[in-house]
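Residue numbers (our numbering): 175 to 317. Just so you know, even glycine gets a beta-carbon here, dropped at the ideal spot from N, CA and C. Let me begin by presenting the structure, written as structure tokens, before commenting on it.
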């Protein structure tokens, strides 16, 4: 069993998923975590608990750098439905209606399109985006 297999089992017990891993040399593994069934940010206590359990599970054989995926993490297509009602950033493959990107509230989606409400000057405007034209969809922080 590899380190990743062992760590995935531990993550499952915490209702977390390992989003990314990266080996740094032979003695350090960077791990990015997220909640398994939601897009809520991880708190420091949860990340710390996971790091401790991970280290114990592999008998402290290598160093671990464990962190949250972050507030503006990129979403995979299977997570899009979890983002309904969230503030998101969408980058397009081909510009539509003069826009290369949108930032706003994800209103709804279906198998082919996403509807996003964007603030344009002093009003909100809804745009329908073809899912095949999405290069990147990530959570965003509203400022």
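Taking C-alpha positions only, residue 285 is separated from residue 254 by approximately 11 Å. Residue burial annotation: residue 272 is exposed, with fewer than 16 other C-beta atoms found within 10 angstroms of its C-beta. Using a 10 angstroms sphere on the CB of residue 239, the tally of other CB atoms stays under 16, which defines it as exposed. If only uninterrupted beta strand (DSSP E) runs of at least 3 residues are considered, those enclosed by the stretch 255-293 are 261-270 and 273-283. In this structure residue 249 touches residue 257 by the C-beta definition: roughly 6 Å separates them, less than 8 Å. Looking from the CA of residue 309, the closest CA among 297, 269 and 317 belongs to 269. Leaving aside the five residues that flank residue 263 on each side, the residues in its chain whose CB is nearer than 6 Å to its CB run, in chain order, 277, 312 and 314. Annotation: residue 298 to residue 231 spans about 50 Å, alpha carbon to alpha carbon. If you ignore the 5 residues before and after residue 246, its C-beta comes within less than 7 Å of the C-beta of 312, 313, 314 and 315, all in its own chain and listed in chain order.
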